[in-house]
Amino acid sequence: MTVMTMIEAIRSTIREEMLRDEKVMVLGQDIGKLGGVFRATEGLQAEFGEERIVDMPLAEASIVGSAIGLSLAGMNPIAELQFMGFTHQAYHQIVPQLARFRYRSQGRFTTPVTIRAPFGGGVRAPELHSDAIEAQFTHVPGLQVVMPSTPAEAKGLLTTAVRGEDPVLFCEPLKGYRLVKGEVPEGEHTIPFGRLRVAREGRDVTLFAWSAAVQLAEKAAAALADEGISAQVVDLRTLVPLDVDGIREAVASTGRAVVVHEAPLTSGFGAEVVSTIQEEAFYSLEAPVLRVTAPDVPYPNIGIEETFLPAVDRVVAAARKAVSAR
Amino acid sequence: MTVMTMIEAIRSTIREEMLRDEKVMVLGQDIGKLGGVFRATEGLQAEFGEERIVDMPLAEASIVGSAIGLSLAGMNPIAELQFMGFTHQAYHQIVPQLARFRYRSQGRFTTPVTIRAPFGGGVRAPELHSDAIEAQFTHVPGLQVVMPSTPAEAKGLLTTAVRGEDPVLFCEPLKGYRLVKGEVPEGEHTIPFGRLRVAREGRDVTLFAWSAAVQLAEKAAAALADEGISAQVVDLRTLVPLDVDGIREAVASTGRAVVVHEAPLTSGFGAEVVSTIQEEAFYSLEAPVLRVTAPDVPYPNIGIEETFLPAVDRVVAAARKAVSAR
Amino acid sequence: MERRELLDASGALAPGIDPPLDAASTLGALELMLLSKLVDERAFSLQRQGRMGTYSAVRGQEASVVGSCLPLDPGTDWIVPQYRELPALLRHGLSIEGILSYWKGNSEAARIPEGVKVLPPQIGLAAQLPHAVGLAWGLKLQADPGVVMTFVGDGGSSEGDFHEALNLAGVRKAPVVFVLQNNGWAISTPRSKQSAAKSFAERGAGYGVPSVLVDGNDLFAVAQASAEAVARARAGEGPTLIETQTYRLGAHNTADDPSKYVDTDEKLSWEQLDPIPRVVSHLRAQGALTDEDLAGIEERNRNEVDRAIEALGAVRPPLPESLFDHVWSQPDVRLLRQREEILHTAAKGVQR
Amino acid sequence: MERRELLDASGALAPGIDPPLDAASTLGALELMLLSKLVDERAFSLQRQGRMGTYSAVRGQEASVVGSCLPLDPGTDWIVPQYRELPALLRHGLSIEGILSYWKGNSEAARIPEGVKVLPPQIGLAAQLPHAVGLAWGLKLQADPGVVMTFVGDGGSSEGDFHEALNLAGVRKAPVVFVLQNNGWAISTPRSKQSAAKSFAERGAGYGVPSVLVDGNDLFAVAQASAEAVARARAGEGPTLIETQTYRLGAHNTADDPSKYVDTDEKLSWEQLDPIPRVVSHLRAQGALTDEDLAGIEERNRNEVDRAIEALGAVRPPLPESLFDHVWSQPDVRLLRQREEILHTAAKGVQR
Ligand SMILES: Cc1ncc(C[n+]2csc(CCOP(=O)(O)OP(=O)(O)O)c2C)c(N)n1
Ligand SMILES: Cc1ncc(C[n+]2csc(CCOP(=O)(O)OP(=O)(O)O)c2C)c(N)n1
Ligand SMILES: [Mg+2]
Ligand SMILES: [Mg+2]
């Protein structure tokens, strides 16, 4: 175990996978000499050369589109999109192309591309840089959506992503890049997709979260403990595939649930979690499942982002309400 | 009242709005001489000229992007995207641009663009032509998502869309274009956004649907009536804005609900409807809200689309299950 | 930019020009062009009989498609198609019934056989172009001698993907040949409304990609330009853009009615430039093609198409359960449960 | 393509050339360039003090930006910016404190005043280009005499939106001038990895859009090319693409460290080509600028910037409730309820 930030964990994972498999390469903007705007690839071009760490022209659709082609040629590309807000430019290559190649070709072709995209607020980034738009990719059969919350999770999930055959959108929380440090297992470390993680045990209410919101939920759980409420924190880890059985079990154990995410409410992935809970565990539910999310407004300019982002107090208030219901 | 197909209702509405307001213009692929691949603009170029019914180069992002610019210049553009499956190509102009102009400019600029996009299965169209991807646009604050289900609804909602200041994605069901005929009010006919419509009264269970799925729900309701189950059918009409109060009232009146849509399950808009129901009407619910949707697979080739699309029997089975629960 | 023309409308070679194809290859090309024409006719009637989905014919563009693919080696090279390149796909190893199965709606039967280096048809216009670039780049990285040929239309060339793909190909010197089939129309949108550029070939310079403009109804001009481009790519000299100026003599597809937008004179004048008769005239003039030869070709083609259509009719329709295959390498529980629920209802007979 | 150069690095005019700007206009342009430089410096220090968000300086590109906008009439013409065009926006009617408010994170205070024909900064690269085309086309449809000028970088020009916008502008003959500021870098990505094109100006031909290549550090060359382009647009002759070859002398933005990727020699050699001293030398040589004049300009600029920074400091930070404004013309019930819940929690003081 070594203590690392998430960005360090990601960098060392990429490096290990590149050492393991010479077909692994990284495409992105400013990932070479600069090492990426967040330094996820720092030093890697010096080590692996310009053919494996490739600075691309400024065109997201062609980063994803050519990664598809590279994967068809037998390479194993990791595409870095500088911010998830710029996945919009590549949407038509991700959703109807990358995600469907296997299906469209009846399994004749596979496209094992991993797209890494940082996102999330609270880091005073310009417009369009912080938007949590993971939900826009969860309605896309064929695309896995992975949301690491800690450095160790990032390593385990990224390793699985790179080694897997199915395409992955790997969403990295900007806020967690440097803020959250944690122990990271050395050597081989993979985490299977579709299995949630109980980040904190609790009896009275389950807080569902992913990515940076897991830390928010943990803070809320700590605050709730002070008032005698025992909150379980569940990190969903992967939104697609979704651990429906794990969700049912978690809710069955507490009977009450709150879903927390950074994205706006309407059609955020919280909606899917709530629906799944009530389909799977309706008769265990003692209170409505509440959602604590950003409001239905575009991500604002930084002078006001603190009001936009879900706050611990709102999670605490919702958990309290869930627990006191009926 | 005149009896019309939906495509006729749409055509006559566009024509009326163009006669009313000379700033209204239509941009799209093949909408001039051909009158659109579905003839929504047939005859209109002859009547209004090439400057108001404009055949555009084959580039969806520039259709939406230039419509934004035209609207900033004071025009009132209707952009036709040939199929909703090709909104992907314009995603970066719709989601972070069109929908946010008012917000980003603090109300200084408005972009009253109406995007029309046909979609939906069962018409034996090639790949990517049938996909129901409305949910991918419902997580976008600033964009209204409108889903007419009948010719009269199409007229009333399209008129509101064109006259309104906020951008609209107006999704037209391919299957309903010619199949469904109905009475359409003559002259002025607007329908406010954010107010659902009870398409059929019923006491035992509420079937929520929109677009072509309303007809499916109605068929199911008719079949259910034969077995003595009285199903209410609710047409949501607009997904954004969503009629949360209307949803609560409908569920309160029956205590049981099924949501039906053509899109795949995971993160379909059904998830938002279910979440809203359980937030708003948890204590009225006698059974879990069920979703009847397409499975989580890409829209398949036509040889197999009948298995993909939600069928009446599945709706009936779900309603039966909801009614018999507990 | 000058347009390359070798064989004129009457089938005469430009003075002082050696044909880029020998008589045997030209005969082979002609046979493929005629086969393509026959498949088009039969596919249209199948569609009219309700036995086929939407189908887009190659008719009129046979020289453009066949000329382009001739220099490719199916054993090493790849084709990344749009949707109107049937004879190139046949030459590369697909069967008629395989290709038609796709348009009939049976993707299972249309599965590209292992070893055939062709990607599935592309419906999202121009989206195939960055794939072609990535594929070519990937071959190059692995020192694979393969070259990638990809097709796009005058319409598709307006999409942003065209720009991004050509620009990237230029930067990476990817071994890819872009064949832009300018057939004058994108459904009902004429070339003049598609772009104000004098020619699409002009665009190459903006990406550092060498480009050529050719008479796309001239088998020799296309074949020559393509051979040069493939050789350059193979030699590590990077991408080429070829604009073939051709004409779609039929409808856009089985759902289209060109009489709404094409004027008859335009169509008539292009009929004079039909790519097939000029190859026939040329070969005849060379004494390389007799009436009996032609009858022989036509009979072989007819037999082949009859056989294929029969095979197509015998193809098992896709099973409902195949809906759930190939979404993932391993289906997740959620999908397995959906599969169960839906097949269970289907088994009881579905009402719609 | 030949590059237009009028004023050399020493400030000498090419032989036989009349300056495209008279002394008074040149002085005005110089004052604006110097003002821009000063704002850049002050914005950087504000950022370092934590009083400003991310900021991208114009430094080095002043001739390119100022020269481009000079022919515009703020009363009729529009500017559709990227994010690095501060002096053009000032000339067009925005205030320094208004522009800096945006980068400080206060969109409310950055609201473009009514009547000022400028769109908000664009963060999604190249996404502004189709807006500019649509806007220009809309003006033309309404017989409005306005011309639209839009800016894009060498990096942004790789986006599909660039292609689609230029192609559409060509087809519609929209009165729009595209200024492609090629400053050699897109953050750390050098021009050479951005495109294999000899110049970006080559791209115009692929869209039927006339284009010009100019020394972007030469105020006169830029101003002349821009004046011609604006005149063409105004006369109904359609769009122009201008590539200004310039250089970003500072960091990409306040978060960037160019020492990681720029080599010192390159930077030194471009410092020799700084656009500001050459205007100064030229005016001095003409006897149109004395030391006192320069000191006067600098004092006026300092006062103006001091005033603006003070005004910026006095700007009320955005109120939490403003988060919910301007999403819609009329908020729906759902948003109103969210507003209530969030402001209620905020009122109690928020823990994070
Ligand atoms: C991205 C996208 N937009 C629109 C369509 C609908 N569509 C199908 S074919 C076609 C015209 C294509 O014209 P062109 O590229 O010239 O090819 P051609 O059919 O002439 O061979 C259109 C608009 C599509 N398939 N994909
Ligand atoms: C669509 C998109 N992709 C990526 C970015 C991140 N980004 C911001 S500025 C920049 C470089 C821009 O370079 P260029 O267009 O040359 O403009 P310059 O900064 O040199 O003026 C990048 C990659 C972005 N803002 N938008
Ligand atoms: Mg065409
Ligand atoms: Mg640049």
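Chains as they are written, first to last, in my numbering: chain A, 347 to 672; chain B, 347 to 672; chain C, 199 to 550; chain D, 199 to 550. In this text, a Cβ means the ideal position worked out from N, Cα and C, and glycines have one as well. This one's a predicted model, so the numbers in the text were calculated from it and none came from an experiment.
Annotation for C/Trp468 indicates a beta carbon at 8 Å or more from all heavy atoms of ligand 3. Taking CB atoms only, B/Tyr523 has no neighbour in chain A less than 9 Å away. Contacts between A/Pro610 and chain B, judged by CB atoms closer than 8 Å, involve His485, Pro487 in chain order. Considering only beta carbons, the part of the region 488-510 of chain B lying closer than 7 Å to chain D consists of Gly488, in chain order. Boundaries of the alpha helix (DSSP H) around C/Thr224: 221-246. The closest heavy atom of ligand 1 lies less than 8 Å from the beta carbon of C/Gly322.
The Cβ-Cβ distance between C/Pro408 and C/Thr444 does not fall below 9 Å. In this structure, the beta-carbon distance from C/Ile385 to B/Val383 falls below 9 Å. One thing to note: C/Val513 has its Cβ within 9 Å of the Cβ of C/Glu295. In the displayed model, D/Ser409 falls within a strand according to three-state DSSP. Taking C-beta atoms as the reference points, B/Pro423 and D/Leu366 fail to come closer than 9 Å. Contact between B/Ala355 and B/Ala500 holds, since their C-beta atoms are separated by about 5 Å, short of 8 Å. Straight-line spacing of the CA atoms in B/Thr552 and A/Thr359 works out to 50 Å. Annotation for D/Ala384 indicates a beta carbon within 8 Å of some heavy atom of ligand 4. Remark: fewer than three beta-carbon pairs, one from each stretch, lie closer than 8 Å, so the region 201-213 of chain C and the region 459-469 of chain C are not flagged as touching. In this structure, DSSP gives B/Asn422 an extended state, which the three-state scheme calls strand.
Secondary structure note for A/Thr653: its alpha helix (DSSP H) is the uninterrupted segment 651-654. Between the alpha carbons of B/Gln435 and C/Ala308 lies a gap of roughly 26 Å.
Closest option to A/Thr484, judged by alpha-carbon separation, among B/Ala617, B/Arg594, B/Asp550, B/Gly381: B/Ala617. The Cβ atoms of D/Ser305 and D/Pro529 lie no closer than 9 Å to each other. Look at D/His450: its beta carbon is less than 8 Å from one of the heavy atoms in ligand 2. Separation of B/Gly381 and B/Gly574 (C-alpha to C-alpha, rounded to the nearest whole angstrom) is 47 Å. When the beta-carbon positions are compared, A/Leu636 and A/Val597 stay at least 9 Å from each other. Membership of A/Gln578 in the beta strand (DSSP E) is indicated by the continuous run 577-581. The Cβ of A/Glu652 sits no closer than 9 Å to any Cβ of chain B.
In the three-state reduction of the DSSP assignment, C/Asp455 falls in the coil class, being assigned neither a helical nor a strand state.
With a threshold of 9 Å between beta carbons, A/His434 makes contact with chain B. Relative to ligand 3, even the nearest heavy atom lies 8 Å or more away from the CB of C/Gly258. Contact residues of the region 351-363 of chain C toward chain A are Gly358, Asp359, Glu362, Ala363 (C-beta to C-beta distance below 7 Å). A straight line joining the alpha-carbon of B/Arg524 with that of B/Phe432 spans about 22 Å. For the region 657-672 of chain A, residues whose beta-carbon sits nearer than 7 Å to a beta-carbon of chain D comprise Ala657, Val658, Asp659, Arg660, Ala663.
In the same chain as A/Ala445, and ignoring 5 residues on each side of it, the C-beta atoms closer than 8 Å to its own belong to Val486, Pro487, Gly488, Leu489, Pro513, in chain order. For A/Pro646, the CB contacts under 7 Å within the same chain, skipping 5 residues up- and downstream, are Phe654 in chain order.
The shortest C-alpha to C-alpha distance from C/Leu447 to any of C/Val412, C/Ala394, C/Asn380 is the one to C/Asn380. Counting along the chain, no beta strand (DSSP E) covers D/Gly336; the unbroken alpha helix (DSSP H) around it starts and ends at 326-339. Not a single CB atom of chain D sits nearer than 9 Å to the CB of A/Gln443.
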